[in-house]
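Asks:
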Amino acid sequence: MIDTACIVLTIISGFLFFYRRTLIYLRYFQQEEYENGRFITWFFKNRAFDKKGTLTALIIAVSCLIFSSWIQTALCAAGIIALLVLLAKEENPLKTGKIKLNRTQRLNRILYTALAVYFIVLAAAAVLIFYSGDNYRIGIAWAVQIFFFQTCTLYIITANTLLSPHEKKVQLGFLNEAKDKIGRLNPFVIGITGSYGKTSTKMLLGEVLNRSLAPTFFPPKSINTLMGITRWIRENLKPEHKYAVIEMGAYRRGSIARVCDLVKPDAAIITNIGLMHLERFGSEENIYLAKSELAQAVPDDGMLVLNGDNKGTKKIPQDFPKNRMYLFGLKDGKENFDCWMSDVSVSVKGTAFTIHWKGETYKGSTPSLGTPALYNILAAFTMACALGADPVYVLGIIRTVEPYDNRLEITQHGSITVLKDAYNSNPEGFAAALDVLSILQGEKRTLITPGMVELGERQYEENKRLAEMSAKICDEILFIGETNKKAWLDGLEEGGFNKDRLTLYGHRDDAMDKIFNTEGEVSSEAHLVLIENDLPDLYENKLKL
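When we follow my numbering, the leftmost residue of the sequence shown carries the number 23, and every step to the right adds one.
1) In this structure, how does DSSP classify Tyr153 when only helix, strand and coil are distinguished?
2) At 4 residues or longer, and completely inside the stretch 426-470: list those alpha helix (DSSP H) runs for me, N to C.
3) Give the DSSP-derived three-state secondary structure of Thr252 in the structure shown.
4) Going by the DSSP bridge assignment, what does Phe239 pair with across the sheet?
5) When burial is assigned at 16 or more other CB atoms within 10 Å of the CB, is Gly392 buried or exposed?
6) Using alpha carbons as the reference points, say which of Trp92, Cys98, Pro389, Ile88 lies closest to Thr78.
7) Measuring only from the beta carbon, is Phe240 closer than 7 Å to any heavy atom that is part of the ligand PLP?
8) Rounded to whole angstroms, what's the CA-CA distance from Asp532 to Cys174? Just pull it up for me.
9) If you scan the stretch 49-92 from start to end, which runs of the alpha helix (DSSP H) of 4 or more residues do you find wholly inside it?
10) Between Met225 and Tyr426, how many whole angstroms is the CB-CB distance? I'm expecting something under 8 Å.
11) What beta strand (DSSP E) runs, 3 residues minimum, are completely inside the stretch 338-419?
12) Per DSSP, what kind of secondary structure is Tyr527 in: helix, strand or coil?
13) Does the separation of the CB atoms of Pro472 and Asn555 fall below 8 Å?
14) Would Met405 and Leu227 be called neighbours here (beta carbons separated by less than 8 Å)?
15) So, is His549 buried or exposed, given that buried needs 16 or more other C-beta atoms within 10 angstroms?
16) Gly75: which of Thr32, Arg49, Ile499, Arg131 sits nearest, CA to CA?
17) Who does Met325 pair with in a DSSP beta bridge?
18) Out of curiosity, what's the CA-to-CA distance linking Glu483 and Ala454?
19) Would you identify the three-state DSSP class for Val475, choosing helix, strand or coil?
20) Mind checking Leu121: buried by the 16 CB within 10 Å criterion, or exposed?
21) Check whether the Cβ atoms of Ile495 and Ser460 sit closer than 8 Å, and answer yes or no.
22) Cα separation between Ala411 and Cys361?
23) Can you tell me whether DSSP reads Leu284 as helix, strand or coil?
24) If you count every other CB in all the chains shown that lies within 10 Å of the CB of Glu431, and 16 or more means buried, which is it?
25) Select from Glu490, Ala289, Ile420, Tyr50 the residue whose C-alpha is nearest the C-alpha of Ala408.
26) Compute the Euclidean distance between the alpha carbons of Glu262 and Ile245, then round it to the nearest angstrom.
27) May I have the straight-line CA-CA distance separating Ile162 from Ile88, to the nearest angstrom?
28) Which residues does DSSP list as the beta-bridge partners of Leu552?
29) List, from N- to C-terminal side, the alpha helix (DSSP H) runs of 4 residues or more that fit wholly inside the stretch 484-522.
30) Do the CB positions of Ala489 and Gly517 come within less than 8 Å of each other?
31) Thinking C-alpha only, which one of Phe342, Trp379, Leu456, Asp341 is nearest Phe359?
32) Mind checking Asn182: buried by the 16 CB within 10 Å criterion, or exposed?
33) Measuring alpha carbon to alpha carbon, tell me which residue in Lys333, Lys344, Gly213 is nearest Asp283.
34) Grab me the residues of Leu248's own chain with a C-beta within less than 6 Å of its C-beta, minus the 5 sequence neighbours each way, in chain order.
35) According to the neighbour-count rule (16 or more other Cβ atoms, all chains shown, within 10 Å of its Cβ), is Ile34 buried or exposed?
36) Near Val414, what residues of its chain come up, given a Cβ to Cβ distance below 8 Å and the 5 sequence neighbours on each side ignored?
Structure (C-alpha coordinates):
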(Lines of atoms letter the chains of each structure in order from A and count residues from 1; the text may use other names and numbers.)
(Lines give C-alpha, C1' and ligand atoms only; values in the text may rest on other atoms or scores of the structure.)
Protein backbone atom coordinates (compact mmCIF):
# COMPACT_ATOMS: atom_id res chain seq x y z
CA MET A 1 0.00 0.00 0.00
CA ILE A 2 2.84 2.36 0.90
CA ASP A 3 4.64 1.43 -2.33
CA THR A 4 1.52 2.25 -4.36
CA ALA A 5 1.19 5.63 -2.68
CA CYS A 6 4.88 6.36 -3.36
CA ILE A 7 4.51 5.44 -7.03
CA VAL A 8 1.35 7.54 -7.46
CA LEU A 9 3.00 10.56 -5.81
CA THR A 10 6.11 10.00 -7.96
CA ILE A 11 3.96 10.05 -11.10
CA ILE A 12 2.12 13.19 -9.96
CA SER A 13 5.29 15.11 -9.06
CA GLY A 14 6.91 13.87 -12.27
CA PHE A 15 3.97 15.15 -14.29
CA LEU A 16 4.10 18.58 -12.64
CA PHE A 17 7.80 18.81 -13.43
CA PHE A 18 7.23 17.57 -17.00
CA TYR A 19 4.45 20.13 -17.48
CA ARG A 20 6.66 23.05 -16.41
CA ARG A 21 9.50 21.82 -18.62
CA THR A 22 7.07 21.57 -21.54
CA LEU A 23 5.94 25.17 -21.05
CA ILE A 24 9.57 26.33 -20.99
CA TYR A 25 10.36 24.49 -24.23
CA LEU A 26 7.14 25.79 -25.81
CA ARG A 27 8.32 29.37 -25.28
CA TYR A 28 11.32 28.67 -27.48
CA PHE A 29 9.23 26.62 -29.92
CA GLN A 30 6.89 29.59 -30.29
CA GLN A 31 9.84 31.91 -30.92
CA GLU A 32 10.90 29.55 -33.71
CA GLU A 33 7.41 30.06 -35.16
CA TYR A 34 6.37 26.42 -34.60
CA GLU A 35 8.95 25.11 -37.07
CA ASN A 36 10.01 21.61 -36.00
CA GLY A 37 13.33 21.69 -37.85
CA ARG A 38 14.54 24.99 -36.45
CA PHE A 39 13.42 24.02 -32.95
CA ILE A 40 15.34 20.73 -33.13
CA THR A 41 18.43 22.56 -34.39
CA TRP A 42 18.16 25.06 -31.51
CA PHE A 43 17.68 22.24 -28.99
CA PHE A 44 20.81 20.30 -29.94
CA LYS A 45 22.93 23.37 -30.67
CA ASN A 46 22.24 24.71 -27.17
CA ARG A 47 22.28 21.26 -25.55
CA ALA A 48 19.01 22.16 -23.87
CA PHE A 49 18.57 18.75 -22.25
CA ASP A 50 17.05 18.46 -18.80
CA LYS A 51 19.75 17.87 -16.22
CA LYS A 52 18.38 18.75 -12.79
CA GLY A 53 15.23 16.62 -12.86
CA THR A 54 17.00 13.79 -14.67
CA LEU A 55 19.87 13.68 -12.19
CA THR A 56 17.42 13.64 -9.28
CA ALA A 57 15.40 10.82 -10.83
CA LEU A 58 18.55 8.86 -11.73
CA ILE A 59 19.89 8.98 -8.17
CA ILE A 60 16.57 7.83 -6.73
CA ALA A 61 16.06 5.12 -9.39
CA VAL A 62 19.52 3.59 -8.90
CA SER A 63 19.32 3.84 -5.10
CA CYS A 64 15.93 2.16 -5.03
CA LEU A 65 17.30 -0.77 -7.00
CA ILE A 66 20.05 -1.22 -4.41
CA PHE A 67 18.36 -0.69 -1.04
CA SER A 68 15.54 -2.46 0.76
CA SER A 69 11.87 -1.49 0.73
CA TRP A 70 11.69 0.87 3.73
CA ILE A 71 14.75 2.78 2.49
CA GLN A 72 13.13 2.92 -0.95
CA THR A 73 10.12 4.65 0.62
CA ALA A 74 12.34 7.25 2.27
CA LEU A 75 14.30 7.78 -0.94
CA CYS A 76 11.10 8.16 -2.92
CA ALA A 77 9.82 10.80 -0.49
CA ALA A 78 13.14 12.66 -0.75
CA GLY A 79 12.97 12.52 -4.56
CA ILE A 80 9.42 13.88 -4.61
CA ILE A 81 10.40 16.75 -2.32
CA ALA A 82 13.48 17.46 -4.46
CA LEU A 83 11.38 17.60 -7.64
CA LEU A 84 8.89 19.96 -6.03
CA VAL A 85 11.71 22.21 -4.80
CA LEU A 86 13.22 22.29 -8.32
CA LEU A 87 9.79 23.04 -9.70
CA ALA A 88 9.32 25.94 -7.29
CA LYS A 89 12.65 27.43 -8.40
CA GLU A 90 11.96 27.06 -12.12
CA GLU A 91 11.17 30.16 -14.16
CA ASN A 92 7.57 30.60 -15.21
CA PRO A 93 7.68 31.14 -19.00
CA LEU A 94 4.32 32.91 -18.85
CA LYS A 95 5.89 35.64 -16.71
CA THR A 96 9.63 35.67 -17.46
CA GLY A 97 11.86 36.24 -20.45
CA LYS A 98 12.07 38.98 -23.05
CA ILE A 99 9.39 37.26 -25.09
CA LYS A 100 6.98 35.51 -22.76
CA LEU A 101 5.01 32.42 -23.70
CA ASN A 102 1.81 33.53 -25.40
CA ARG A 103 -1.09 31.15 -24.77
CA THR A 104 -2.60 31.48 -28.23
CA GLN A 105 -5.23 29.04 -29.45
CA ARG A 106 -2.65 27.30 -31.57
CA LEU A 107 -0.21 26.96 -28.71
CA ASN A 108 -2.92 25.57 -26.46
CA ARG A 109 -3.80 22.99 -29.09
CA ILE A 110 -0.15 21.91 -29.25
CA LEU A 111 0.13 21.81 -25.45
CA TYR A 112 -3.04 19.78 -24.89
CA THR A 113 -2.19 17.35 -27.69
CA ALA A 114 1.32 16.89 -26.27
CA LEU A 115 -0.18 16.17 -22.84
CA ALA A 116 -2.65 13.70 -24.37
CA VAL A 117 0.23 11.80 -25.97
CA TYR A 118 2.10 11.98 -22.66
CA PHE A 119 -0.80 10.37 -20.77
CA ILE A 120 -1.10 7.60 -23.36
CA VAL A 121 2.58 6.77 -22.91
CA LEU A 122 2.22 7.15 -19.14
CA ALA A 123 -0.61 4.61 -19.12
CA ALA A 124 1.63 2.08 -20.86
CA ALA A 125 4.46 2.89 -18.44
CA ALA A 126 2.11 2.44 -15.47
CA VAL A 127 1.37 -1.11 -16.60
CA LEU A 128 5.11 -1.80 -16.72
CA ILE A 129 5.59 -0.30 -13.25
CA PHE A 130 2.78 -2.12 -11.45
CA TYR A 131 3.41 -5.49 -13.08
CA SER A 132 7.11 -5.48 -12.22
CA GLY A 133 8.47 -7.14 -9.10
CA ASP A 134 7.75 -5.60 -5.69
CA ASN A 135 11.39 -4.66 -5.16
CA TYR A 136 11.67 -2.85 -8.47
CA ARG A 137 8.47 -0.84 -8.75
CA ILE A 138 9.63 2.39 -7.17
CA GLY A 139 12.97 2.28 -8.98
CA ILE A 140 11.25 1.71 -12.34
CA ALA A 141 8.77 4.53 -11.60
CA TRP A 142 11.71 6.91 -11.21
CA ALA A 143 13.46 5.52 -14.29
CA VAL A 144 10.29 6.27 -16.26
CA GLN A 145 10.50 9.90 -15.10
CA ILE A 146 13.98 10.14 -16.62
CA PHE A 147 12.50 9.06 -19.95
CA PHE A 148 9.77 11.70 -19.74
CA PHE A 149 12.11 14.51 -18.66
CA GLN A 150 14.42 13.78 -21.58
CA THR A 151 11.68 13.59 -24.20
CA CYS A 152 9.62 16.74 -23.47
CA THR A 153 10.53 18.23 -26.83
CA LEU A 154 9.55 15.02 -28.62
CA TYR A 155 5.96 15.38 -27.36
CA ILE A 156 5.85 18.98 -28.60
CA ILE A 157 7.12 18.02 -32.06
CA THR A 158 4.77 15.02 -32.21
CA ALA A 159 1.79 17.18 -31.25
CA ASN A 160 2.71 19.83 -33.83
CA THR A 161 3.01 17.16 -36.53
CA LEU A 162 -0.30 15.52 -35.61
CA LEU A 163 -2.04 18.90 -35.66
CA SER A 164 -0.55 20.00 -38.97
CA PRO A 165 -3.48 18.86 -41.17
CA HIS A 166 -5.96 20.53 -38.81
CA GLU A 167 -3.93 23.76 -38.72
CA LYS A 168 -3.80 23.85 -42.51
CA LYS A 169 -7.57 23.35 -42.71
CA VAL A 170 -8.24 26.11 -40.16
CA GLN A 171 -5.83 28.47 -41.89
CA LEU A 172 -7.38 27.78 -45.29
CA GLY A 173 -10.80 28.69 -43.93
CA PHE A 174 -9.50 31.96 -42.48
CA LEU A 175 -7.63 32.74 -45.71
CA ASN A 176 -10.73 32.26 -47.81
CA GLU A 177 -12.72 34.57 -45.51
CA ALA A 178 -10.04 37.27 -45.71
CA LYS A 179 -9.66 36.90 -49.49
CA ASP A 180 -13.40 37.23 -49.97
CA LYS A 181 -13.56 40.31 -47.73
CA ILE A 182 -10.68 42.22 -49.30
CA GLY A 183 -11.94 41.31 -52.78
CA ARG A 184 -15.42 42.57 -51.92
CA LEU A 185 -14.29 45.84 -50.30
CA ASN A 186 -11.58 46.34 -52.96
CA PRO A 187 -9.25 48.95 -51.40
CA PHE A 188 -6.22 50.15 -53.36
CA VAL A 189 -3.54 47.80 -51.99
CA ILE A 190 0.08 48.87 -51.54
CA GLY A 191 2.47 46.08 -50.64
CA ILE A 192 5.72 46.83 -48.81
CA THR A 193 8.66 44.52 -48.49
CA GLY A 194 12.41 44.73 -48.03
CA SER A 195 15.17 43.35 -45.89
CA TYR A 196 14.60 46.13 -43.36
CA GLY A 197 12.55 49.32 -42.99
CA LYS A 198 9.25 47.59 -43.84
CA THR A 199 7.40 48.32 -40.62
CA SER A 200 8.54 51.94 -40.28
CA THR A 201 7.64 52.66 -43.92
CA LYS A 202 4.26 50.98 -43.53
CA MET A 203 3.39 52.92 -40.39
CA LEU A 204 4.56 56.22 -41.92
CA LEU A 205 2.80 55.70 -45.26
CA GLY A 206 -0.38 54.50 -43.56
CA GLU A 207 -0.46 57.62 -41.40
CA VAL A 208 0.26 59.90 -44.38
CA LEU A 209 -2.43 58.36 -46.61
CA ASN A 210 -4.93 58.27 -43.77
CA ARG A 211 -4.50 62.01 -43.10
CA SER A 212 -3.89 63.28 -46.62
CA LEU A 213 -6.04 61.19 -48.98
CA ALA A 214 -8.57 58.77 -47.47
CA PRO A 215 -9.13 56.27 -44.63
CA THR A 216 -6.34 53.72 -44.79
CA PHE A 217 -6.02 50.19 -43.43
CA PHE A 218 -2.55 49.26 -42.15
CA PRO A 219 -1.95 46.49 -39.59
CA PRO A 220 0.05 47.71 -36.58
CA LYS A 221 3.49 46.70 -35.38
CA SER A 222 5.37 44.09 -37.41
CA ILE A 223 2.35 42.12 -38.57
CA ASN A 224 3.70 40.83 -41.88
CA THR A 225 3.03 37.08 -42.08
CA LEU A 226 0.29 35.45 -44.10
CA MET A 227 -1.84 34.44 -41.13
CA GLY A 228 -1.19 37.65 -39.20
CA ILE A 229 -2.37 39.73 -42.15
CA THR A 230 -5.29 37.33 -42.69
CA ARG A 231 -6.49 37.80 -39.14
CA TRP A 232 -6.16 41.57 -39.29
CA ILE A 233 -8.14 41.75 -42.55
CA ARG A 234 -10.90 39.54 -41.18
CA GLU A 235 -11.23 41.53 -37.97
CA ASN A 236 -10.39 45.12 -38.93
CA LEU A 237 -10.79 45.91 -42.64
CA LYS A 238 -13.79 48.23 -43.08
CA PRO A 239 -15.79 49.46 -46.13
CA GLU A 240 -14.54 53.02 -45.53
CA HIS A 241 -10.91 51.98 -46.09
CA LYS A 242 -9.95 53.23 -49.57
CA TYR A 243 -6.30 52.25 -49.21
CA ALA A 244 -4.61 49.24 -47.62
CA VAL A 245 -0.89 49.23 -46.81
CA ILE A 246 0.33 45.67 -46.31
CA GLU A 247 3.78 44.79 -44.97
CA MET A 248 5.11 41.48 -46.32
CA GLY A 249 7.85 39.56 -44.55
CA ALA A 250 9.56 36.36 -45.60
CA TYR A 251 12.02 33.74 -44.43
CA ARG A 252 11.88 31.72 -47.63
CA ARG A 253 10.81 31.91 -51.23
CA GLY A 254 7.07 31.73 -51.79
CA SER A 255 6.03 33.51 -48.59
CA ILE A 256 5.47 36.91 -50.21
CA ALA A 257 3.79 35.32 -53.23
CA ARG A 258 1.20 33.76 -50.91
CA VAL A 259 0.47 37.13 -49.26
CA CYS A 260 0.17 38.72 -52.71
CA ASP A 261 -2.31 36.03 -53.72
CA LEU A 262 -4.40 37.08 -50.72
CA VAL A 263 -4.30 40.87 -51.09
CA LYS A 264 -3.67 41.39 -54.86
CA PRO A 265 -1.38 44.47 -54.65
CA ASP A 266 -2.00 47.40 -57.00
CA ALA A 267 1.31 49.05 -56.09
CA ALA A 268 4.45 48.21 -54.17
CA ILE A 269 7.40 49.65 -52.29
CA ILE A 270 10.61 47.65 -52.02
CA THR A 271 12.71 49.42 -49.40
CA ASN A 272 15.92 47.46 -50.04
CA ILE A 273 17.26 43.96 -50.57
CA GLY A 274 20.10 42.99 -48.24
CA LEU A 275 21.49 40.31 -45.94
CA MET A 276 18.74 40.05 -43.33
CA HIS A 277 17.83 36.40 -42.59
CA LEU A 278 20.54 35.13 -44.96
CA GLU A 279 20.86 32.07 -42.73
CA ARG A 280 17.26 31.09 -43.44
CA PHE A 281 17.25 32.00 -47.14
CA GLY A 282 20.53 30.26 -47.86
CA SER A 283 21.84 32.75 -50.46
CA GLU A 284 21.60 36.39 -51.52
CA GLU A 285 20.01 35.25 -54.77
CA ASN A 286 17.20 33.57 -52.83
CA ILE A 287 16.64 36.80 -50.89
CA TYR A 288 16.33 38.72 -54.16
CA LEU A 289 13.95 36.15 -55.66
CA ALA A 290 11.81 36.17 -52.50
CA LYS A 291 11.55 39.97 -52.27
CA SER A 292 10.93 40.34 -56.00
CA GLU A 293 7.77 38.23 -55.68
CA LEU A 294 6.01 41.45 -54.70
CA ALA A 295 7.15 43.21 -57.88
CA GLN A 296 5.99 40.23 -59.94
CA ALA A 297 2.55 40.37 -58.34
CA VAL A 298 1.93 44.03 -59.21
CA PRO A 299 0.03 44.25 -62.53
CA ASP A 300 1.77 45.76 -65.56
CA ASP A 301 -0.25 48.96 -65.22
CA GLY A 302 0.54 49.15 -61.51
CA MET A 303 3.14 51.17 -59.66
CA LEU A 304 6.57 50.35 -58.20
CA VAL A 305 8.48 52.60 -55.79
CA LEU A 306 12.07 51.42 -55.37
CA ASN A 307 15.23 52.35 -53.49
CA GLY A 308 17.61 53.49 -56.23
CA ASP A 309 20.63 53.43 -53.92
CA ASN A 310 20.29 49.73 -53.11
CA LYS A 311 22.01 47.33 -55.50
CA GLY A 312 19.37 44.65 -54.92
CA THR A 313 16.39 46.82 -55.82
CA LYS A 314 18.21 48.30 -58.84
CA LYS A 315 17.62 45.02 -60.69
CA ILE A 316 13.84 45.13 -60.24
CA PRO A 317 13.00 47.62 -63.06
CA GLN A 318 14.82 45.49 -65.61
CA ASP A 319 13.42 42.18 -64.40
CA PHE A 320 9.84 43.29 -63.64
CA PRO A 321 9.04 46.57 -65.46
CA LYS A 322 5.74 48.36 -64.79
CA ASN A 323 4.03 51.34 -66.41
CA ARG A 324 4.81 53.56 -63.45
CA MET A 325 8.14 53.16 -61.67
CA TYR A 326 9.72 55.64 -59.28
CA LEU A 327 13.24 55.52 -57.89
CA PHE A 328 14.14 57.35 -54.67
CA GLY A 329 17.50 57.83 -52.99
CA LEU A 330 20.17 60.01 -51.46
CA LYS A 331 22.97 59.60 -54.02
CA ASP A 332 23.29 61.11 -57.51
CA GLY A 333 19.69 62.19 -57.31
CA LYS A 334 19.77 64.82 -60.02
CA GLU A 335 20.62 62.30 -62.73
CA ASN A 336 18.85 59.14 -61.74
CA PHE A 337 16.02 59.52 -59.27
CA ASP A 338 12.41 60.64 -59.40
CA CYS A 339 12.57 61.64 -55.74
CA TRP A 340 15.76 62.43 -53.88
CA MET A 341 17.01 64.11 -50.74
CA SER A 342 19.77 66.63 -50.09
CA ASP A 343 20.96 69.12 -47.45
CA VAL A 344 20.62 66.62 -44.61
CA SER A 345 21.51 67.92 -41.15
CA VAL A 346 21.28 65.99 -37.90
CA SER A 347 20.86 67.00 -34.27
CA VAL A 348 19.58 65.32 -31.13
CA LYS A 349 16.16 66.80 -31.95
CA GLY A 350 15.94 65.08 -35.33
CA THR A 351 16.87 65.52 -38.98
CA ALA A 352 16.26 68.37 -41.42
CA PHE A 353 16.41 67.82 -45.19
CA THR A 354 15.33 68.96 -48.64
CA ILE A 355 13.29 66.69 -50.93
CA HIS A 356 13.36 67.06 -54.71
CA TRP A 357 10.21 65.88 -56.51
CA LYS A 358 9.02 66.63 -60.05
CA GLY A 359 11.27 69.63 -60.51
CA GLU A 360 10.31 71.23 -57.18
CA THR A 361 12.15 71.36 -53.85
CA TYR A 362 10.52 70.98 -50.46
CA LYS A 363 12.00 71.59 -47.02
CA GLY A 364 11.19 69.01 -44.41
CA SER A 365 12.17 67.60 -41.04
CA THR A 366 11.59 64.54 -38.91
CA PRO A 367 12.14 63.56 -35.28
CA SER A 368 13.81 60.39 -36.67
CA LEU A 369 17.55 59.86 -36.99
CA GLY A 370 19.71 57.79 -39.28
CA THR A 371 19.97 57.08 -42.98
CA PRO A 372 17.45 54.17 -42.89
CA ALA A 373 14.79 56.57 -41.56
CA LEU A 374 15.47 58.95 -44.45
CA TYR A 375 14.96 56.16 -46.96
CA ASN A 376 11.69 55.25 -45.26
CA ILE A 377 10.56 58.87 -45.54
CA LEU A 378 11.51 59.00 -49.22
CA ALA A 379 9.61 55.79 -49.90
CA ALA A 380 6.44 56.98 -48.15
CA PHE A 381 6.68 60.48 -49.65
CA THR A 382 7.14 59.14 -53.19
CA MET A 383 4.23 56.71 -52.98
CA ALA A 384 1.86 59.22 -51.37
CA CYS A 385 2.67 61.98 -53.87
CA ALA A 386 2.45 59.59 -56.81
CA LEU A 387 -1.06 58.76 -55.60
CA GLY A 388 -1.98 62.45 -55.58
CA ALA A 389 -1.16 63.74 -52.10
CA ASP A 390 0.07 67.32 -51.71
CA PRO A 391 3.87 67.21 -51.07
CA VAL A 392 3.78 70.11 -48.59
CA TYR A 393 0.97 68.49 -46.63
CA VAL A 394 2.77 65.13 -46.68
CA LEU A 395 5.91 66.71 -45.22
CA GLY A 396 3.78 68.40 -42.56
CA ILE A 397 2.52 64.98 -41.47
CA ILE A 398 6.01 63.46 -41.58
CA ARG A 399 7.22 66.25 -39.29
CA THR A 400 4.83 65.06 -36.57
CA VAL A 401 5.38 61.28 -36.78
CA GLU A 402 7.67 59.96 -34.04
CA PRO A 403 10.20 57.17 -34.73
CA TYR A 404 8.53 53.79 -34.62
CA ASP A 405 9.21 51.50 -31.67
CA ASN A 406 12.94 50.84 -31.09
CA ARG A 407 14.06 52.34 -34.42
CA LEU A 408 16.68 54.87 -33.27
CA GLU A 409 14.33 56.36 -30.72
CA ILE A 410 15.90 59.06 -28.55
CA THR A 411 15.11 59.30 -24.85
CA GLN A 412 16.74 61.40 -22.17
CA HIS A 413 17.69 60.04 -18.73
CA GLY A 414 19.35 62.82 -16.80
CA SER A 415 22.67 63.44 -18.54
CA ILE A 416 22.31 60.23 -20.55
CA THR A 417 20.93 60.39 -24.08
CA VAL A 418 19.79 56.95 -25.21
CA LEU A 419 19.55 56.01 -28.89
CA LYS A 420 17.41 52.88 -28.91
CA ASP A 421 17.87 50.91 -32.12
CA ALA A 422 17.01 47.54 -30.71
CA TYR A 423 14.78 46.03 -33.38
CA ASN A 424 16.26 43.49 -35.81
CA SER A 425 19.68 44.95 -36.47
CA ASN A 426 21.28 44.57 -39.90
CA PRO A 427 24.67 45.65 -41.31
CA GLU A 428 23.38 48.79 -43.05
CA GLY A 429 21.22 49.88 -40.13
CA PHE A 430 23.97 49.19 -37.59
CA ALA A 431 26.45 51.28 -39.60
CA ALA A 432 23.92 54.09 -39.90
CA ALA A 433 23.28 54.05 -36.14
CA LEU A 434 27.02 54.27 -35.47
CA ASP A 435 27.18 57.19 -37.88
CA VAL A 436 24.48 59.01 -35.90
CA LEU A 437 26.33 58.23 -32.66
CA SER A 438 29.49 59.78 -34.10
CA ILE A 439 27.71 62.93 -35.31
CA LEU A 440 25.78 63.83 -32.16
CA GLN A 441 27.48 66.02 -29.58
CA GLY A 442 28.63 64.11 -26.53
CA GLU A 443 31.59 63.66 -24.22
CA LYS A 444 31.24 59.89 -23.92
CA ARG A 445 29.86 57.35 -26.39
CA THR A 446 28.76 53.91 -25.20
CA LEU A 447 27.57 51.02 -27.36
CA ILE A 448 25.44 48.18 -25.95
CA THR A 449 25.03 45.31 -28.41
CA PRO A 450 24.95 41.54 -28.89
CA GLY A 451 25.87 41.96 -32.56
CA MET A 452 23.76 40.71 -35.47
CA VAL A 453 22.30 37.28 -36.18
CA GLU A 454 20.80 35.23 -39.03
CA LEU A 455 23.48 36.36 -41.48
CA GLY A 456 24.51 32.82 -42.39
CA GLU A 457 28.07 32.46 -43.67
CA ARG A 458 28.48 36.26 -43.55
CA GLN A 459 27.71 36.53 -39.83
CA TYR A 460 31.29 36.46 -38.55
CA GLU A 461 32.53 38.78 -41.31
CA GLU A 462 29.77 41.38 -40.88
CA ASN A 463 30.00 41.42 -37.09
CA LYS A 464 33.77 41.77 -37.25
CA ARG A 465 33.45 44.66 -39.70
CA LEU A 466 30.96 46.50 -37.47
CA ALA A 467 33.19 45.86 -34.45
CA GLU A 468 36.11 47.55 -36.24
CA MET A 469 33.87 50.50 -37.07
CA SER A 470 32.66 50.69 -33.48
CA ALA A 471 36.24 50.71 -32.21
CA LYS A 472 36.84 54.02 -33.97
CA ILE A 473 33.66 55.70 -32.67
CA CYS A 474 32.91 54.38 -29.18
CA ASP A 475 34.57 55.21 -25.88
CA GLU A 476 33.02 52.20 -24.18
CA ILE A 477 31.42 48.97 -25.40
CA LEU A 478 29.20 46.66 -23.37
CA PHE A 479 28.94 43.44 -25.34
CA ILE A 480 26.19 40.91 -24.61
CA GLY A 481 26.12 37.13 -24.94
CA GLU A 482 28.19 34.45 -26.61
CA THR A 483 26.65 34.29 -30.10
CA ASN A 484 28.92 36.87 -31.78
CA LYS A 485 31.55 37.22 -29.09
CA LYS A 486 34.53 35.95 -31.11
CA ALA A 487 33.78 38.14 -34.12
CA TRP A 488 33.52 41.21 -31.92
CA LEU A 489 36.65 40.48 -29.94
CA ASP A 490 38.58 39.99 -33.18
CA GLY A 491 37.12 43.10 -34.78
CA LEU A 492 37.74 45.32 -31.77
CA GLU A 493 41.32 44.10 -31.56
CA GLU A 494 41.91 44.91 -35.23
CA GLY A 495 40.27 48.29 -34.71
CA GLY A 496 42.72 49.05 -31.91
CA PHE A 497 40.06 49.25 -29.20
CA ASN A 498 41.34 49.36 -25.62
CA LYS A 499 40.20 46.13 -23.93
CA ASP A 500 39.87 47.97 -20.63
CA ARG A 501 36.89 49.80 -22.11
CA LEU A 502 35.15 46.57 -23.15
CA THR A 503 32.87 44.74 -20.71
CA LEU A 504 31.20 41.41 -21.45
CA TYR A 505 27.73 40.59 -20.10
CA GLY A 506 25.52 37.54 -20.25
CA HIS A 507 22.27 39.51 -20.45
CA ARG A 508 21.25 42.92 -21.72
CA ASP A 509 19.61 43.86 -18.40
CA ASP A 510 22.98 43.60 -16.64
CA ALA A 511 24.53 45.99 -19.15
CA MET A 512 21.63 48.41 -18.77
CA ASP A 513 22.01 48.31 -14.99
CA LYS A 514 25.67 49.22 -15.37
CA ILE A 515 24.78 52.38 -17.31
CA PHE A 516 21.78 53.59 -15.39
CA ASN A 517 22.91 52.64 -11.90
CA THR A 518 26.08 54.69 -12.33
CA GLU A 519 24.39 57.83 -13.68
CA GLY A 520 25.64 59.84 -10.77
CA GLU A 521 29.23 59.05 -11.73
CA VAL A 522 28.79 60.54 -15.22
CA SER A 523 26.31 63.30 -14.43
CA SER A 524 28.74 66.00 -15.59
CA GLU A 525 29.14 64.36 -19.00
CA ALA A 526 26.93 64.46 -22.06
CA HIS A 527 26.73 60.69 -22.23
CA LEU A 528 25.44 59.09 -25.46
CA VAL A 529 24.31 55.45 -25.26
CA LEU A 530 23.45 53.46 -28.39
CA ILE A 531 21.46 50.27 -27.78
CA GLU A 532 21.90 48.34 -31.02
CA ASN A 533 19.85 45.16 -31.38
CA ASP A 534 18.14 43.13 -28.70
CA LEU A 535 18.27 39.40 -29.32
CA PRO A 536 15.40 37.17 -28.21
CA ASP A 537 15.93 34.50 -25.57
CA LEU A 538 16.77 32.02 -28.35
CA TYR A 539 20.12 33.73 -28.84
CA GLU A 540 20.91 35.57 -25.64
CA ASN A 541 19.88 33.21 -22.86
CA LYS A 542 21.71 29.94 -22.39
CA LEU A 543 18.96 27.67 -21.12
CA LYS A 544 20.01 25.81 -17.99
CA LEU A 545 17.62 23.04 -17.04
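Don't be surprised by glycine CBs; every beta carbon is placed ideally from N, CA and C.
Replies: To lay it out plainly:
1) coil
2) 449-461
3) helix
4) Ala266
5) buried
6) Cys98
7) With respect to the ligand PLP, the structure shown offers nothing to examine, as it has no ligands at all.
8) 31 Å
9) 58-67, 74-88
10) 5 Å
11) 346-351, 361-369, 372-379, 382-388
12) strand
13) yes
14) yes
15) buried
16) Thr32
17) Ala289, Arg346
18) 18 Å
19) coil
20) The amino acid at residue 121 is misidentified as Leu; the sequence shows Ile. By the 10 Å Cβ count, Ile121 comes out exposed.
21) yes
22) 14 Å
23) helix
24) buried
25) Ala289
26) 21 Å
27) 12 Å
28) Leu441, Leu469
29) 507-516
30) yes
31) Trp379
32) buried
33) Gly213
34) Arg280, Val281
35) exposed
36) Tyr384
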